[in-house]
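A.B. asks: Attaching a single structure in structure tokens format; questions to follow.
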Amino acid sequence: MNTRICGLLLVFVATAASAEGMEERLRTQLRSTTQQLQALQSEQAQASAARIAAETQAKQAQAQIKQLTAELEKTRGVAEQMAGQQQSLHSQAQAQVAASNEQIGKFKKAYDELLVLAKGKEAERARLQAQLSERDTQVQQCSVKNQQMYGVAQQLLAAYEKIDVAEVMSIRQPFASSARVKFEELAQGFGDDLYKSRFDAPQATANH
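Using mature numbering (1 follows the signal peptide of the UniProt record, and there is no 0), the letters of the sequence shown map in sequence onto residues -19 to -1, 1 to 189.
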């Protein structure tokens, strides 16, 4: 009886010892599994945070791409508008240059015509000035001739006042040849003076 009890006790003790060892191993495995689970959960949390951060960065990058695309389209539109304005300004400048060249051509033509007209007027003025100078010369010559004729007329009057009635009567006598010759010589002298004092405009022009 005692022997059986001792055997049972030994079996129980051995069983208890074996159970304690298994429990310890299970606890150790549980702790290891728990640590691995915590590590996996930590890694999962980090991966989730990294995924969220990556998604956030991807959304921000997409927003920046949309903004840059919009700015690029806007810049392209402004560039096209400026190119159109530049082409329009270039066309306007070309039209203004063409109009200016045409206007300059008209001004040059008008200037040449005025220059020809001015030269003609200058030639006409010179011709009229020459004629005026010629007329002035003729007037001066005429004035001199008039003075000469006036002097001859005064001499004629003075000579007429000096002629005696007896001399006039003797001129009519058939044999008073000396008085007649004297009178004819006197008359010839006055005639020559009057002829010299005569003013001939065409002859004066030719001589001039």
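Positions of the beta carbon are idealized from the N, C-alpha and C atoms, including for glycine.
In angstroms, rounded to a whole number, what distance separates the CA positions of N127 and Y92?
C.D. replies: Working through the sequence shown from its first residue, we reach residue 127 at position 146. Working through the sequence shown from its first residue, we reach residue 92 at position 111. One C-alpha to the other measures close to 50 Å.
A.B. asks: At the level of alpha carbons, what is the spacing between R32 and R12?
C.D. replies: Here residue 32 is taken as the residue at index 51 of the sequence shown, counted from 1. Here residue 12 is taken as the residue at index 31 of the sequence shown, counted from 1. In a straight line, the C-alpha of R32 is about 29 Å away from that of R12.
A.B. asks: In whole angstroms, give me the CA-to-CA distance for L95 and A79.
C.D. replies: Position 114 of the sequence shown, counting from 1, holds the residue named residue 95. Position 98 of the sequence shown, counting from 1, holds the residue named residue 79. Whole-angstrom Cα-Cα distance: 24 Å.
A.B. asks: With a threshold of 16 other CB atoms inside 10 Å of the CB of V133, please say whether the residue is buried or exposed.
C.D. replies: Here residue 133 refers to the residue found at position 152 when the sequence shown is read from its first residue. Classification of V133: buried, given that the 10 Å Cβ count is 16 or more.
A.B. asks: Taking the straight line between their C-alpha atoms, what separation do you get for Q84 and L113?
C.D. replies: Position 103 of the sequence shown, counted from the start, is the residue given in the question as residue 84. Position 132 of the sequence shown, counted from the start, is the residue given in the question as residue 113. Approximately 41 Å, taken between the alpha carbons.
A.B. asks: Expressed to the nearest angstrom, what Euclidean distance is found between the alpha-carbon atoms of E24 and Q17?
C.D. replies: As a first step, residue 24 must be located in the sequence shown, where it is residue number 43. As a first step, residue 17 must be located in the sequence shown, where it is residue number 36. Roughly 10 Å separates the two Cα atoms.
A.B. asks: Quick check: what's the CA-CA separation for A28 versus T15?
C.D. replies: The count along the sequence shown starts at 1 and reaches residue 28 at position 47. The count along the sequence shown starts at 1 and reaches residue 15 at position 34. Rounded to the nearest angstrom, the two C-alpha atoms are 19 Å apart.
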